[in-house]
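**Student:**
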Amino acid sequence: MTRLIIPRVLALSVLALMAGAASAQPLPAYDLLLTGGHVMDPANHVDGVMDVAIKDGRIARVAKGLKPADAIKTIDARGLYVTPGLIDLHVHVYTGTGERNSYAGDNSVPPDGFTFRSGVTTVVDAGCAGWRNFQDFKDRIIDRSKTRVLAMLNIVGHGMRGGKFEQDQSDMDGEATAKMAARYPGVIVGIKTAHYGGPEWTPVEQAVIAGTRARLPVMVDFGTDRPTRPLYDLLTQKLRPGDIYTHMYSGLRQEQDPVTLGPSRALVEGRKRGIYFDTGTGGGSFKFSLAVPMIAAGFKPDSLSTDLHVGSMNSATKDILNVASKMMAIGLTLPEAVAGMTAAPARQIRRGDLGNLSPGAVADIAVLSLQKGRFSFTDMMMGKVSGDRRLVAELTIKDGKVVYDLNGLSALAWATPPGDTARDSRWTAFARPAAH
Ligand SMILES: [Zn+2]
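Using our numbering, you'd call the opening residue of the sequence shown number 8 and step up by one each time.
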């Protein structure tokens, strides 16, 4: 038997040629296909079993009967829910500055460690940075994260750096804030006021000036409850339709009617005017003693958000799917919960391009399982409610690529030879290296 000896350099070039020939074949119509999942896309009123096809990082088609032969990769999503990538409207992710006791520092968390594993593809940082330090936040976190990080600018120029900054009325400049917002349209998606303890309306008024100039919504954490600035006036006079009231079930600022235990008149009138209400459950902003009777009275949240930070990441809030499962245990339907994490927050931040599975939309997708069993959910008072359903993120896709895969839905048995790395890189962030 003659042994054919091919010099190593030649062998490598033959391999390279073969690889070149393989990738020169015409690509299938789709990069990735999810088949048989229950698609829940509230923005498009889709709620049923469908296939979802992705090409070039965008949604190509949502229909029944799409063919695996037309895709580089097909993932079987039967028995799972397929939703737009989740949007967490209220998080704190300006970490890494080294500043202690500061949301522009140690109180924040790195987004990628918390997002994809919960089906989240977009977060909105709720005011960690103001106009003075936004550029640093952008350089440090927004531009370097795989998660899509958007931001609401704090009306305080220095942002959420703690009391001596956040109580300083002289650093609340609506004009300067609007000017910075105008530099990054679509990234700066709102104005935030938070944590104010004084009796004045200054932070709210300056935030509304900024929001009006920049054509952006204002999100309010109403700080300390003060008789000089009642919640009723905030929601019926100071804020504009389209502005957002977060921490809606905190009970810290007259959200609840003391007699009926349903929503206060302020909340009811605010909703009539078009104010949005957000959970922002956080570390100390969610009580069942409010949420249960208010939801029973029909006052459900517009959006579900975590208020994720070091004080909420391991306590009652945990992550957005825990918040959603909790809200389902006390009266929200699954479609309402999904809408509250997709279409609703997208509408609130005026990013209608996100939070839906329309053809042409960016292919951000969460594949969720709805687990049945005995679960409990807690609040800031260490109270709990029981539930029989829990949402779990199985697979997360960002810009058309798998970025998280809990149970290896997209993986092959380990002994399977590697596929074509270049092709696989079209649908996954985890393509196996080529054979050597
Ligand atoms: Zn917050």
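Using N, Cα and C, we set each Cβ at its ideal position, and we do this for glycine too.
Tell me T435's beta-bridge partners as DSSP assigns them.
**Tutor:** The sequence position of residue 435 within the sequence shown is 428, counting from 1. In the DSSP output, where bridge partners are listed per residue, T435 has V409.
**Student:** Any idea which residues DSSP pairs S319 with across the strands?
**Tutor:** Residue numbering aside, residue 319 sits at position 312 when the sequence shown is read from its first letter. Paired residue(s): none; S319 is not in a bridge.
**Student:** Within this structure, are the beta carbons of L93 and V127 separated by less than 9 angstroms?
**Tutor:** Indexing the sequence shown from 1 puts residue 93 at position 86. Indexing the sequence shown from 1 puts residue 127 at position 120. Yes. Within cutoff.
**Student:** May I have the straight-line CA-CA distance separating I404 from S322, to the nearest angstrom?
**Tutor:** For this step, residue 404 is matched to residue 397 along the sequence shown. For this step, residue 322 is matched to residue 315 along the sequence shown. Distance between the alpha carbons of I404 and S322: 27 angstroms.
**Student:** Helix, strand or coil, according to DSSP, for I372 in the structure here?
**Tutor:** On the sequence shown, position 365 is the one that residue 372 refers to. The answer is strand: DSSP assigns I372 an E or B state.
**Student:** Is any heavy atom in ligand 1 found nearer than 8 angstroms to the beta carbon of G166?
**Tutor:** Numbered from 1 along the sequence shown, position 159 holds the residue referred to as residue 166. Not so, every heavy atom of ligand 1 lies at least 8 angstroms from the Cβ.
**Student:** Which residue's Cα is closest to the Cα of L341: L87, D427, D38, K71?
**Tutor:** Indexing the sequence shown from 1 puts residue 341 at position 334. Closest option to L341, Cα to Cα, is L87.
**Student:** Cβ of H316 within 8 angstroms of any heavy atom in ligand 1?
**Tutor:** For this step, residue 316 is matched to residue 309 along the sequence shown. Flag set: Cβ of H316 near ligand 1.
**Student:** Under a Cβ-count criterion, where at least 16 other Cβ atoms within 10 Å of its own Cβ denotes burial, should L262 be classed as buried or exposed?
**Tutor:** For the purposes of this step, residue 262 is taken as residue 255 along the sequence shown, with counting starting at 1. Going by the sequence as given, residue 262 is Glu instead of Leu. The residue is buried, with at least 16 neighbouring Cβ atoms inside 10 Å.
**Student:** Residue range of the beta strand (DSSP E) that D58 falls in?
**Tutor:** Taking the first residue of the sequence shown as 1, we reach residue 58 at position 51. 53-62 is the span of the beta strand (DSSP E), which, as asked, contains D58.
**Student:** Three-state secondary structure (DSSP) at I66?
**Tutor:** As a position in the sequence shown, residue 66 is number 59, starting the count at 1. The answer is strand: DSSP assigns I66 an E or B state.
**Student:** At least one CB of chain D closer than 9 angstroms to the CB of A214: is that the case?
**Tutor:** Looking for chain D here will not work: only one protein chain is present.
**Student:** In whole angstroms, give me the CA-to-CA distance for R381 and S332.
**Tutor:** For the purposes of this step, residue 381 is taken as the residue at position 374 of the sequence shown. For the purposes of this step, residue 332 is taken as the residue at position 325 of the sequence shown. Looking at the two C-alpha atoms, the distance is approximately 12 angstroms.
**Student:** When the distance is taken between beta carbons, is L364 closer than 9 angstroms to L53?
**Tutor:** On the sequence shown, position 46 is the one that residue 53 refers to. On the sequence shown, position 357 is the one that residue 364 refers to. Note that residue 53 is Val in the sequence shown here, rather than Leu. In this structure, L364 lies closer than 9 angstroms to V53 by Cβ.
**Student:** Please report the straight-line C-alpha distance between V317 and D77, rounded to a whole angstrom.
**Tutor:** Here residue 317 is taken as the residue at index 310 of the sequence shown, counted from 1. Here residue 77 is taken as the residue at index 70 of the sequence shown, counted from 1. C-alpha separation (whole angstroms): 45 angstroms.
**Student:** Thinking M2 and K245 are a contact (beta carbons under 8 angstroms), I'd like their distance in whole angstroms, please.
**Tutor:** Past the boundaries of the shown model lies residue 2; the chain is included only from 8 to 443, so the question cannot be answered.
**Student:** Would you mind sorting G181 into buried or exposed? The rule is 16 or more other CB atoms within 10 Å of its CB.
**Tutor:** Stepping through the sequence shown from its first residue, residue 181 is reached at position 174. Burial call: buried.
**Student:** Between G362 and A50, how many whole angstroms is the CB-CB distance? I'm expecting something under 8 angstroms.
**Tutor:** Your numbering for residue 362 matches position 355 in the sequence shown. Your numbering for residue 50 matches position 43 in the sequence shown. So it is a contact: roughly 6 angstroms between Cβ atoms.
**Student:** Could you check whether the Cβ of T231 sits closer than 8 angstroms to any heavy atom belonging to ligand 1?
**Tutor:** Taking the sequence shown and counting its residues from 1, the one referred to as residue 231 is at position 224. No; taking the cut-off as 8 angstroms, the Cβ of T231 has no heavy atom of ligand 1 nearer than that.
**Student:** Tell me, to the nearest whole angstrom, how far the beta carbon of N161 is from that of G197; I am working on the premise that it is less than 8 angstroms.
**Tutor:** Position 154 of the sequence shown holds residue 161. Position 190 of the sequence shown holds residue 197. With a Cβ gap of about 10 angstroms, N161 and G197 do not count as contacting.
**Student:** Output the boundary residues of the beta strand (DSSP E) element that contains V116.
**Tutor:** Position 109 of the sequence shown holds residue 116. First-last for V116: undefined, no H or E at that position.
**Student:** In three-state terms, what does DSSP make of M387?
**Tutor:** On the sequence shown, position 380 is the one that residue 387 refers to. Coil at M387, not helix or strand.
**Student:** So, does the segment 363-379 touch the segment 96-103, judging by three or more C-beta pairs under 8 angstroms?
**Tutor:** Because the criterion of three Cβ pairs below 8 angstroms is not met, the segment 363-379 and the segment 96-103 do not touch.
**Student:** In terms of residue numbering, what span does the alpha helix (DSSP H) encompassing A344 cover?
**Tutor:** In the sequence shown, counting from the first residue as 1, residue 344 sits at position 337. Taken as a continuous stretch (DSSP letters only), the alpha helix (DSSP H) holding A344 covers 341-347.
**Student:** Return the chain-ordered list of same chain residues with a C-beta closer than 6 angstroms to the C-beta of R220, the five sequence neighbours on each side being excluded.
**Tutor:** To locate residue 220, count along the sequence shown from 1; it is residue 213. The answer, listed in chain order, is A185.
**Student:** Using a 10 Å radius around the Cβ and a threshold of 16 neighbouring Cβ atoms, would you call P33 buried or exposed?
**Tutor:** The count along the sequence shown starts at 1 and reaches residue 33 at position 26. P33 should be labelled exposed.
**Student:** Please classify P308: is it buried, with 16 or more other beta-carbons within 10 angstroms of its beta-carbon, or exposed?
**Tutor:** Taking the sequence shown and counting its residues from 1, one reaches residue 308 at position 301. Burial call: buried.
**Student:** Would you check whether ligand 1 has a heavy atom nearer than 8 angstroms to the C-beta of D326?
**Tutor:** In the sequence shown, residue 326 corresponds to position 319, counting from 1. It does not: the Cβ of D326 is nowhere closer than 8 angstroms to a heavy atom of ligand 1.
**Student:** Would the beta-carbon of G249 fall within 9 angstroms of that of G230?
**Tutor:** As a working mapping, residue 249 is identified with position 242 in the sequence shown. As a working mapping, residue 230 is identified with position 223 in the sequence shown. No, they are not a contact pair.
**Student:** Pick from G44, R139, A304, D38: whose alpha carbon is nearest that of R272?
**Tutor:** Numbered from its first residue, the sequence shown carries residue 272 at position 265. Selected option, being the one with the closest Cα: A304.
**Student:** Residues in the same chain with beta-carbon distance under 7 angstroms from G169, minus the five sequence neighbours each way, listed in chain order, please.
**Tutor:** Stepping through the sequence shown from its first residue, residue 169 is reached at position 162. Contacts found: N108, S109.
**Student:** Would you call R260 buried or exposed, if buried means 16 or more other Cβ atoms sit within 10 Å of its Cβ?
**Tutor:** Residue 260 sits at position 253 when you count from the first residue of the sequence shown. The residue in question, R260, is buried, as its Cβ has 16 or more Cβ neighbours within 10 Å.
**Student:** Can you have a look at R413 and say buried or exposed, based on whether 16 or more other CB atoms are within 10 angstroms of its CB?
**Tutor:** By 1-based counting over the sequence shown, the position of residue 413 is 406. The question names Arg, but residue 413 in the sequence shown is Leu. Result: exposed.
**Student:** Looking at C-alpha atoms only, which residue of R280, D285, Y256 is the closest neighbour of F293?
**Tutor:** Position 286 of the sequence shown holds residue 293. That would be Y256, whose Cα lies nearest to the Cα of F293.
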